[in-house]
Amino acid sequence: MRFVKTTILFLGLFILIGAIQVGCETSYRLIFGKASYSTKAIFQIPQTNVEIILERRAIHLFLAEYERTLILRVDGKEVLRQEGATDSGGYSRMNVYEISPTEYFLSGDISYDKHELDIMRLKINSVVLIEKPTSAKFIGAFDIDEKRIWRFITTDERVEQKSKFKK
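So, in structure tokens, the structure goes:
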């Protein structure tokens, strides 16, 4: 009997803490306009200790709108951070192309969401290009997979997806 009472007490406490957390997160979004947490999709550059990360943070209480940030991490330490275009609905995917072993081209669906990344110089440049560079090879995309998980999807898992906004 004592075990049942203890179990019910812990279950009630767990539910109470969960309700408080949901209430706090909802309040945070209402007051500050964005979530207190983010989700990160990580691409580990083969044979290196370098990671390219695209972080998403919800900025709307119930619509799929996100603030996005590009991050470069070396040896587990963040060395570079740059804001990407805000996703105001439906175009979070960002294709990743290798230009050279140290240079990458990242291309979102909208024209002002394109970036050149140099991992040797530790630089991210936002660029206005219509098309990817001719030497660029598609290696994957930051996107939502079939299980609705935000992550980096390699070419082994999925072919290149064209922009929703191009004909």
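Going by this note's numbering, the sequence shown opens with residue 68, and the numbers climb by one from there. Every residue, glycine too, gets a C-beta built ideally from N, C-alpha and C.
{"Check": "Can you grab the Cα-Cα spacing for the pair Arg69 / Ile84, in whole Å?", "Outcome": "23 angstroms"}
{"Check": "Can you give the Cα-Cα distance for Gln149 and Ile75, rounded to whole angstroms?", "Outcome": "47 angstroms"}
{"Check": "Just to confirm my understanding: we take Glu118, look at its own chain, exclude 5 residues before and 5 after, and list those with CB closer than 6 angstroms. What are they?", "Outcome": "Ile109, Gln111, Arg140"}
{"Check": "Helix, strand or coil: which one does DSSP assign to Arg96?", "Outcome": "Low confidence applies here, because Arg96 scores a pLDDT of 47, under 50, leaving its location unreliable and the question unanswered by this model."}
{"Check": "Does Arg69 come out as helix, strand or coil in the three-state DSSP assignment?", "Outcome": "helix"}
{"Check": "Can you grab the Cα-Cα spacing for the pair Arg135 / Thr73, in whole Å?", "Outcome": "44 angstroms"}
{"Check": "Kindly indicate which residue of Phe172, Ser105, Glu145, Ser202 has the alpha-carbon position closest to the one of Ser193.", "Outcome": "Phe172"}
{"Check": "Using the three-state DSSP reduction, which class does Lys234 fall into: helix, strand or coil?", "Outcome": "In this prediction, Lys234 has a pLDDT of 47, which is less than 50 and means its spatial position is unreliable; nothing more can be read from the coordinates."}
{"Check": "By the three-class DSSP mapping on this structure, what secondary structure does Phe81 have?", "Outcome": "helix"}
{"Check": "Taking only the alpha-carbon atoms, compute the straight-line gap between Ser167 and Ser174 and give it to the nearest angstrom.", "Outcome": "16 angstroms"}
{"Check": "Check this for me: beta carbons of Ile211 and Glu165, under 8 angstroms apart or not?", "Outcome": "no"}
{"Check": "Tell me, please, which residues DSSP counts as bridged to His182.", "Outcome": "Leu173, Ser193"}
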